[in-house]
Amino acid sequence: MSQFLSKRVSNYELFFDLAVVLAIGQLTSAIHLNHIGLQEVLAFITTNIIIFNIWHNEVLYFNKYGDSRLQDIYTIIALMFIVGNISLNFSLNIKGYYAGNPQLMLFNFLLMLAYAFIALQYFLKGKKLGFSHNIKLSILSQLSYSLPLAGLALGLLPLNIWTALIYLLPNLLPIFSRKFYNHQLVNFPHIVERLHLVTLLTFGESVIAIIKTYPLKDQPLTGFMLFFGMATLFVFYMGQTFLNINHHQETTASILFYAHLPIFAGINIFTVGIEFLAESHHASIGFILFLAGIISFYLGVLATSRYNKDLYRFDLKAWLQYSCTILTGFILMILLKSHLIFLALILVLQNRLMMRINMANRHRARERHNVPHPDPSKNFRDFS
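Heads up, the sequence shown is in our numbering, so the first residue is 959 and it goes up one at a time.
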């Protein structure tokens, strides 16, 4: 059990998440183009990563140093404004990725500003608490994400597959810079709660997309089944991350963040896939995105098992059952891809089986270690 108390998620952090909601909505709208090829899909995935990276870095700052001081309140509000305007400049039109495009320049300037503001938060905190080794490195890290964007922001570079790697610096540099930090644990319960919240908000866009694309008055059965399939994805996610994960461990949580990146992107890919399935000229790419989103989501959720309680580590039987269920479900989806109602039904049944595998693994683990099974009737909030 951790020796420190769980840090509460502040209302200002939740307020900041509203900008992320706007960004998700703008992004899923931006991909509705006349032509959608591999380049457009890669641009969509990269933009998902950009959104998540900004959110991730701000969460880490608040987890380690954030409080209710005015400097934190005002800087997170300013960052929220910047992120909102970044989202208004999303463009997945590859033809506009030439050097000097005004929208591309503004997008990258605002992205530079976002990381610079997070660096400013660390700087202001250093003035208050003292410039520790970790605070200095955190400032340098944020600047190392911000400054390389100058070439794009000044219109000196076009955006292509090579310059786009700059956007991935927040994912790549920590792998190498981690060893230079003094050992510093995060408040793990706070991290888990923040990840739950951003996942919930990301599912919110799926809720809107399904209800608007498949309204009850037009496609009642298809709409309901797709909605239920999406909802069971969320139930499976919560079954793993809420029930199985040890929320009170002392760790850096790096892998948990990396695992949530395919979850975040996967939900958004799934969302646009569902929207495209309703359009005859985009149905083929819609099915590919639908399937890819589910795969990405499953891989991310199962990767979080790294943080499971020792009692609930997945055994070989569980991994084999998960693999067979996913493979069988996807084969059936490919065979029946022209029948939307069957795709939705397979998704529901697949998620139900995934949940049953999880619960069966938990049951076996308790039996194996002679741990009494929980009685929910005694404590409705104890599902451990």
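Just so you know, even glycine gets a beta-carbon here, dropped at the ideal spot from N, CA and C.
Chain-order list of residues whose beta-carbon lies under 8 Å from that of residue i (same chain, five-residue window excluded)
{"i": "residue 1261", "result": "1213, 1216, 1217 and 1220"}
{"i": "residue 1127", "result": "1102, 1103 and 1106"}
{"i": "residue 967", "result": "1148, 1151, 1152 and 1155"}
{"i": "residue 1292", "result": "1249"}
{"i": "residue 1007", "result": "1125, 1126, 1129, 1219 and 1223"}
{"i": "residue 1174", "result": "1181 and 1182"}
{"i": "residue 1398", "result": "In this structure the chain extends from 959 to 1342, so residue 1398 is not present and cannot be described."}
{"i": "residue 972", "result": "1155"}
{"i": "residue 1165", "result": "1185 and 1188"}
Chain-order list of residues whose beta-carbon lies under 6 Å from that of residue i (same chain, five-residue window excluded)
{"i": "residue 1110", "result": "1066"}
{"i": "residue 1145", "result": "965 and 1021"}
{"i": "residue 970", "result": "1031 and 1034"}
{"i": "residue 1043", "result": "1068"}
{"i": "residue 1279", "result": "1315"}
{"i": "residue 1341", "result": "Caution is warranted here: a pLDDT of 49 is assigned to residue 1341, below 50, making its placement in the model unreliable, and the coordinate value is therefore given only provisionally. 1201, listed in sequence order."}
{"i": "residue 1024", "result": "1030"}
{"i": "residue 1199", "result": "1262"}
{"i": "residue 1084", "result": "1093"}
Cβ pair residue i, residue j closer than 7 Å
{"i": "residue 1159", "j": "residue 979", "result": "yes"}
{"i": "residue 1185", "j": "residue 1312", "result": "no"}
{"i": "residue 1227", "j": "residue 1244", "result": "no"}
{"i": "residue 1203", "j": "residue 1139", "result": "no"}
{"i": "residue 1237", "j": "residue 986", "result": "no"}
{"i": "residue 1080", "j": "residue 1090", "result": "no"}
{"i": "residue 1276", "j": "residue 1229", "result": "no"}
{"i": "residue 1070", "j": "residue 1113", "result": "no"}
{"i": "residue 1187", "j": "residue 1307", "result": "no"}
{"i": "residue 1009", "j": "residue 1072", "result": "no"}
{"i": "residue 1005", "j": "residue 1048", "result": "yes"}
{"i": "residue 1093", "j": "residue 1016", "result": "no"}
{"i": "residue 1231", "j": "residue 1257", "result": "no"}
{"i": "residue 1298", "j": "residue 1235", "result": "yes"}
Own chain partners of residue i with C-beta closer than 7 Å, once the 5 adjacent residues on each side are dropped
{"i": "residue 1029", "result": "1082"}
{"i": "residue 1191", "result": "1255 and 1309"}
{"i": "residue 991", "result": "998, 1050 and 1051"}
{"i": "residue 983", "result": "1163"}
{"i": "residue 1117", "result": "1055, 1062 and 1110"}
{"i": "residue 1268", "result": "none"}
{"i": "residue 1284", "result": "1256"}
Straight-line Cα distance separating residue j from residue i
{"i": "residue 1137", "j": "residue 1051", "result": "39 Å"}
{"i": "residue 999", "j": "residue 1224", "result": "12 Å"}
{"i": "residue 1056", "j": "residue 1115", "result": "8 Å"}
{"i": "residue 1171", "j": "residue 1241", "result": "13 Å"}
{"i": "residue 1271", "j": "residue 1332", "result": "18 Å"}
{"i": "residue 1183", "j": "residue 1302", "result": "5 Å"}
{"i": "residue 960", "j": "residue 1120", "result": "Note on residue 960: pLDDT 43, under 50, position unreliable in the model; no value is reported."}
{"i": "residue 1078", "j": "residue 1286", "result": "50 Å"}
{"i": "residue 1181", "j": "residue 1123", "result": "38 Å"}
{"i": "residue 1061", "j": "residue 988", "result": "14 Å"}
{"i": "residue 1259", "j": "residue 1176", "result": "33 Å"}
{"i": "residue 1336", "j": "residue 1196", "result": "22 Å"}
{"i": "residue 975", "j": "residue 981", "result": "10 Å"}
{"i": "residue 1294", "j": "residue 1300", "result": "7 Å"}
{"i": "residue 1273", "j": "residue 1319", "result": "8 Å"}
{"i": "residue 1086", "j": "residue 1026", "result": "13 Å"}
{"i": "residue 1282", "j": "residue 1289", "result": "11 Å"}
{"i": "residue 963", "j": "residue 995", "result": "49 Å"}
{"i": "residue 1328", "j": "residue 1208", "result": "26 Å"}
{"i": "residue 1239", "j": "residue 993", "result": "10 Å"}
{"i": "residue 1036", "j": "residue 1233", "result": "33 Å"}
{"i": "residue 1039", "j": "residue 1134", "result": "31 Å"}
{"i": "residue 1210", "j": "residue 1132", "result": "12 Å"}
{"i": "residue 1296", "j": "residue 1014", "result": "38 Å"}
{"i": "residue 1053", "j": "residue 1019", "result": "36 Å"}
{"i": "residue 1046", "j": "residue 1098", "result": "28 Å"}
{"i": "residue 1059", "j": "residue 1317", "result": "53 Å"}
{"i": "residue 1157", "j": "residue 1100", "result": "24 Å"}
{"i": "residue 1088", "j": "residue 1253", "result": "45 Å"}
{"i": "residue 1108", "j": "residue 1001", "result": "19 Å"}
{"i": "residue 1161", "j": "residue 1074", "result": "29 Å"}
{"i": "residue 1178", "j": "residue 1169", "result": "10 Å"}
{"i": "residue 977", "j": "residue 1322", "result": "43 Å"}
Residue i beta carbon near the ligand GDP (any heavy atom closer than 6 Å)
{"i": "residue 1185", "result": "In the structure shown, the ligand GDP is absent, as is every other ligand, since no ligand is present at all."}
7 Å Cβ cutoff, residue i in contact with chain D
{"i": "residue 1221", "result": "Of the protein chains in this structure there is only one, and it is not chain D."}
_Runs of alpha helix (DSSP H) wholly within the stretch 1007-1067 (minimum 4 residues, chain order)_ = For the stretch 1007-1067, whole alpha helix (DSSP H) runs of length 4 or above, ordered along the chain, are 1028-1045.
_Minimum length 4: unbroken alpha helix (DSSP H) runs contained in the stretch 1190-1266_ = List check, alpha helix (DSSP H) in window: 1212-1235 and 1241-1261.
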